[in-house]
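Here's the structure, in structure tokens; my notes come after.
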Amino acid sequence: MTEVHIPADDLRIGDVIVHGGGETTVRDLDRSKSPTIVTNPGQPDEISGYLWQHVAVRRA
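1 is the number of the first residue of the sequence shown in the working numbering; add one for each residue after it.
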């Protein structure tokens, strides 16, 4: 997998977010509360941020 930096708005199911606490696989996305995005809503590994923030992801 290649690591890339993308705007959070470009996240896709299956991406692996690389962050200071490790890695989180994107299984679900909620964009309903714009301008925020929530990955894996309601789960222990939930992550939220703004659509324009950049994230490091590994993508096949």
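Cβ atoms here follow ideal geometry from the backbone N, Cα and C, with glycine treated the same way.
Please read all numbers here as calculations on a predicted model, not as lab measurements.
State buried or exposed for T2, treating a residue as buried only when at least 16 other CB atoms are found within 10 Å of its CB. For the purposes of this step, residue 2 is taken as the residue at position 2 of the sequence shown. Burial call: exposed.
In DSSP terms, what A56 is bridged to: What you label residue 56 is simply residue 56 of the sequence shown in a count that begins at 1. H5 and V18.
For D28, is the classification buried or exposed, using 16 other Cβ atoms within 10 angstroms of its Cβ as the cut-off for buried? The residue you call residue 28 lines up with position 28 of the sequence shown. Taking every protein chain shown into account, the CB of D28 has fewer than 16 other CB atoms within 10 angstroms, so this residue is exposed.
Local Cβ density within 10 Å of I37, reported as buried at 16 or more and exposed below that: Here the question's residue 37 lines up with position 37 in the sequence shown. Looking at its Cβ environment, which holds 16 or more other Cβ atoms inside 10 Å, I37 is buried.
According to DSSP, is D45 part of a helix, a strand, or is it coil? Residue 45 sits at position 45 when you count from the first residue of the sequence shown. Correct three-state label for D45: coil.
So for D30, helix, strand or coil by DSSP? Residue 30 sits at position 30 when you count from the first residue of the sequence shown. In the structure shown, D30 sits in a strand (DSSP, three-state: E or B).
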